[in-house]
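J.: Provided herewith is a single structure, encoded as structure tokens, for subsequent inquiry.
In our numbering, the protein residues as written are 436 to 625.
Given below as structure tokens:
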């Protein structure tokens with residue numbers, strides 16, 4: 436078997452015979468994210484995205500992280516690398532099994548206050564939250580009060596919200612349309 440071939444068990448094997456986790460190829464991931472392969476490679480393999488796997492097999496968590504970052508970038512007007520960093524700071528690498536609970540969809544919220552005085556002048560004090568929308572909104576309101584108490588001259592500079600559960604559902608629909616199988620919240624090797 437060549438190093439880039441997948442066995443019938445669904446696991447990718449390296450040239451040394453070591454078992455690697457299943458996943459999808461870079462071309463399949465680009466199609467899933469509705470991106471041109473070249474554009475995806477430029478993003479995923481840049482130094483800003485160093486935490487994205489370069490093992491040539493991509494997990495559902497990695498695809499989800501990129502999809503959430505892309506939505507946040509497109510809707511929030513952020514550079515993709517900034518949105519990506521915000522997602523990782525809030526959720527780490529999001530695990531699909533944690534994106535749905537009895538309280539509804541999981542949202543992430545990022546709130547930043549611009550500090551306008553003292554040694555920290557010009558910097559952004561940022562806080563990251565995840566959970567149901569009502570809880571995230573309440574945490575953001577509490578954090579704004581907290582920042583204003585610590586930095587009376589600070590003001591909320593930015594608040595970003597995105598629905599992570601919706602991104603997960605969207606990826607799963609696209610995966611089904613492309614014939615990509617998901618088992619136990621992970622891509623079955625293509």
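Where a beta carbon is used, it is the ideal one built from N, C-alpha and C, also for glycine.
As the structure is a prediction and not an experimental result, all values here were calculated from the model.
1) Please report the Cβ distance between residue 495 and residue 609, rounded to the nearest whole angstrom; I am assuming they are in contact, meaning their Cβ atoms lie under 8 Å.
2) Kindly list the residues whose CB is nearer than 8 Å to the CB of residue 514, restricted to its own chain and excluding five residues on each side of it in sequence; keep chain order.
3) Quick check on this structure: which residue in 568, 526, 538 and 612 has the alpha carbon closest to the alpha carbon of residue 500?
4) Do residue 592 and residue 549 have their C-beta atoms closer together than 7 Å?
5) So, for residue 602: in the same chain, excluding its five sequence neighbours on each side, which residues have a beta-carbon less than 8 Å away from its beta-carbon?
6) Quick check on residue 616: does DSSP put it in helix, strand or coil?
7) Give the straight-line distance between the Cα atoms of residue 552 and residue 570, rounded to the nearest whole angstrom.
8) May I ask which residues mark the beginning and end of the alpha helix (DSSP H) holding residue 511?
9) Do the stretch 559-577 and the stretch 537-548 meet, that is, are 3 or more Cβ pairs less than 8 Å apart?
10) Just reading off the beta strand (DSSP E) that residue 521 is part of, what are its end residues?
11) How many angstroms separate the CA atom of residue 465 from the CA atom of residue 596?
12) Tell me whether residue 469 sits in a helix, a strand or coil according to DSSP, three-state version.
13) One question on the structure: do residue 511 and residue 622 come within less than 7 Å of each other, judged by their Cβ atoms?
14) In this structure, how does DSSP classify residue 593 when only helix, strand and coil are distinguished?
15) Under 7 Å, do residue 547 and residue 561 count as touching if we go by C-beta distance?
16) Quick check on the DSSP output: the alpha helix (DSSP H) that includes residue 580 runs from which residue to which?
17) Under a three-way DSSP split, which group does residue 588 fall into?
T.: Taking the structure as given:
1) What you label residue 495 is simply residue 60 of the chain shown in a count that begins at 1. What you label residue 609 is simply residue 174 of the chain shown in a count that begins at 1. Incorrect: roughly 12 Å between the Cβ atoms, too far for contact.
2) Position 79 of the chain shown, counted from the start, is the residue given in the question as residue 514. Once the five neighbours on either side are set aside, the close Cβ partners of residue 514 are 508.
3) On the chain shown, position 65 is the one that residue 500 refers to. For the residues 568, 526, 538 and 612, the minimum Cα distance to residue 500 belongs to 526.
4) Stepping through the chain shown from its first residue, residue 592 is reached at position 157. Stepping through the chain shown from its first residue, residue 549 is reached at position 114. Closer than 7 Å, so yes.
5) On the chain shown, position 167 is the one that residue 602 refers to. Once the five neighbours on either side are set aside, the close Cβ partners of residue 602 are 499, 502, 503 and 506.
6) In the chain shown, the residue the question calls residue 616 occupies position 181. In this structure, residue 616 counts as coil in the three-state DSSP scheme.
7) Position 117 of the chain shown, counted from the start, is the residue given in the question as residue 552. Position 135 of the chain shown, counted from the start, is the residue given in the question as residue 570. Roughly 30 Å between the two C-alpha positions.
8) As a position in the chain shown, residue 511 is number 76, starting the count at 1. That run of the alpha helix (DSSP H) goes 495-511.
9) yes
10) Reading the chain shown from its first residue, position 86 is the one you call residue 521. Careful: residue 521 lies outside any beta strand (DSSP E), inside the alpha helix (DSSP H) at 515-526.
11) By one-based count along the chain shown, residue 465 stands at place 30. By one-based count along the chain shown, residue 596 stands at place 161. Computed Cα separation, rounded: 25 Å.
12) Position 34 of the chain shown, counted from the first residue, corresponds to residue 469. If DSSP states are grouped into helix, strand and coil, residue 469 belongs with coil.
13) Mapped onto the chain shown, residue 511 falls at position 76. Mapped onto the chain shown, residue 622 falls at position 187. No, the Cβ-Cβ distance between residue 511 and residue 622 is not below 7 Å.
14) Translated into positions along the chain shown, residue 593 becomes position 158. Of the three classes helix, strand and coil, the one that applies to residue 593 here is strand, per DSSP.
15) For the purposes of this step, residue 547 is identified with residue 112 of the chain shown, where counting begins at 1. For the purposes of this step, residue 561 is identified with residue 126 of the chain shown, where counting begins at 1. In contact: residue 547 and residue 561 (Cβ atoms closer than 7 Å).
16) Position 145 of the chain shown, counting from 1, holds the residue named residue 580. Run containing residue 580: 568-585, per the alpha helix (DSSP H) assignment.
17) On the chain shown, residue 588 is found 153 positions in, with the first residue counted as 1. DSSP places residue 588 in coil when its eight states are reduced to three.
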